[in-house]
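Residue numbers (UniProt numbering): 1 to 439.
So this is what it looks like as structure tokens:
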């Protein structure tokens, strides 16, 4: 304001009470009236006339084939521009209201976030007629590339909306998350609302036996402000990103989803909280053929290259490569805490004991020796007890492998203090993550 006061004041030389200006005002009246009517028309939600006008514009069906040479090369630049915008940190969101075929399918695929309208959105490189002509396969459009297909099978849909206006609301929620953690410290403008459920419930929700499953969503409802969550890819997370294990084993889809979410948090300068209850990655023929190694490596790589603050809390198990993917101690989280029920080791005691028992038995047979079952069982039991003891929260904390064992009921307060600390120097995502997040 001091700079503005230094400028000279310029006084208007016109008397707006003259007839000319009154005539100008009068001439604006029908224009303003028309504008207000048009505004009401375009903002009318779910009115039949509005929907008919929208639907009459047709669907996004790719290139208009009779004019393909006029649009093919220029149209391809759209996809390059989307990728370049992501690289520059300019995120894009695709809302799919109807069909998005052929080249149109790349719009949601090359966007950082995608919202599909249930029962309307259809995305595929080739529609049912082309598929039948090319391969002989007969398939319905909804099964081939409907909203449910891309939400549950391909993972292309990040959100499913009930209708078009719900999709727009979800897009507004996404926009509100962009850059919500600036790179410089800012004062908190609002007092955070406490969760709607008491912290005492945490003790009822989680069984101290790490082998017993629990609902991670119910845990989150007792940690976050006003018990509000915005779920990322609910079928296949925004002031802070939360990565939590709903099931103890990380499958191919979970690894891909986790890697994408970490990249999104870096693009939006969001700190990430990791809540551990993981026994590792899925094993077996099906998982190997589905490229679990490659997908798991992508998640580990995303966590490794992320530069936003990471805060980890080990609620239950945290074993093997699952610990790596969830930002264990080796991946240098800013803070790492453990519940008294937490366990951390290269493998669960029972699994490790079983593997060693098999190895000893096979080794004896390969040497032509008789397997001494009792001796093997004795050694395996000692190993099991040793691993069980070494993986307990108090033992790992004593070795300075975490920042302390905390009461589960204090988790929200501890996380709140940590978030206050990590934002002091500013939160800045990795430039290397400025590529399409879903890749």
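Note that CB positions come from ideal geometry on N, CA and C, so glycine has one too. All figures in this text were calculated on a predicted structure; none of them were measured in a lab.
The shortest C-alpha to C-alpha distance from residue 93 to any of 376, 411, 264, 289 is the one to 264. The DSSP assignment places complete alpha helix (DSSP H) segments of no fewer than 4 residues inside the segment 290 to 351 at 292 to 305, 320 to 325, in order along the chain. The Cβ atoms of residue 331 and residue 280 lie no closer than 8 Å to each other.
Contact check between the segment 272 to 279 and the segment 304 to 315: three or more CB pairs, one atom from each, fall below 8 Å, which counts as touching. Secondary structure of residue 242 (DSSP, three-state): strand.
Minimum Cα-Cα distance from residue 339 among the listed residues 321, 429, 255, 411 corresponds to 411. Between the C-alpha atoms of residue 399 and residue 328 there is a straight-line separation of about 14 Å. Assigned with DSSP and collapsed to three states, residue 360 falls in helix. DSSP places residue 95 in the strand class (E or B) of the three-state scheme.
Taking one beta carbon from each stretch, the segment 281 to 288 and the segment 339 to 359 have fewer than 3 pairs nearer than 8 Å; the two do not touch.
For residue 394, there is no enclosing beta strand (DSSP E); the residue is part of the alpha helix (DSSP H) that begins and ends at 393 to 398.
DSSP places residue 161 inside the beta strand (DSSP E), whose first and last residues are 159 to 161. Put simply, the backbone Cα of residue 385 is about 8 Å away from that of residue 349.
At a Cβ-Cβ threshold of 8 Å, residue 316 and residue 250 do not count as neighbours. For residue 122, the enclosing beta strand (DSSP E) begins and ends at 122 to 124. Taking C-alpha positions only, residue 256 is separated from residue 393 by approximately 29 Å. Secondary structure note for residue 278: its beta strand (DSSP E) is the uninterrupted segment 272 to 278.
Closest by C-alpha distance to residue 305, out of 325, 383, 31, 291, is 325.
Under DSSP, the beta-bridge partners assigned to residue 117 are 161. Judged by pairs of C-beta atoms under 8 Å, the segment 124 to 131 does not touch the segment 200 to 209, as fewer than three such pairs exist. The Cβ atoms of residue 195 and residue 223 lie closer than 8 Å to each other. Check the Cα spacing between residue 174 and each of 241, 216, 145, 227: the tightest is with 241.
Partner residues in the beta bridge of residue 249, as assigned by DSSP, are 280. Residue 101 is bridged by DSSP to 124.
Beta-bridge annotation (DSSP): residue 405 is paired with 338. Nearest to residue 82 by alpha-carbon distance, out of 104, 111, 98, 101, is 111. Three or more beta-carbon pairs drawn from the segment 113 to 121 and the segment 136 to 156 are found closer than 8 Å, and the two stretches are therefore classed as touching. Linking residue 333 to residue 293 through their CA atoms gives a straight-line distance of about 23 Å.
Taking the Cβ atoms as the reference, residue 218 lies roughly 5 Å from residue 205, within the contact range of under 8 Å. For the 8 Å CB-CB criterion, residue 226 and residue 178 do not form a contact. The shortest CA-to-CA distance from residue 90 to any of 37, 322, 345, 266 is the one to 266.
When DSSP states are grouped into helix, strand and coil, residue 426 belongs to the coil group. When the alpha-carbon of residue 259 is set against those of 300, 23, 109, 141, the nearest one is in 300.
The DSSP-derived three-state label of residue 368 is coil.
Per DSSP, the continuous alpha helix (DSSP H) segment holding residue 382 begins and ends at 373 to 390.
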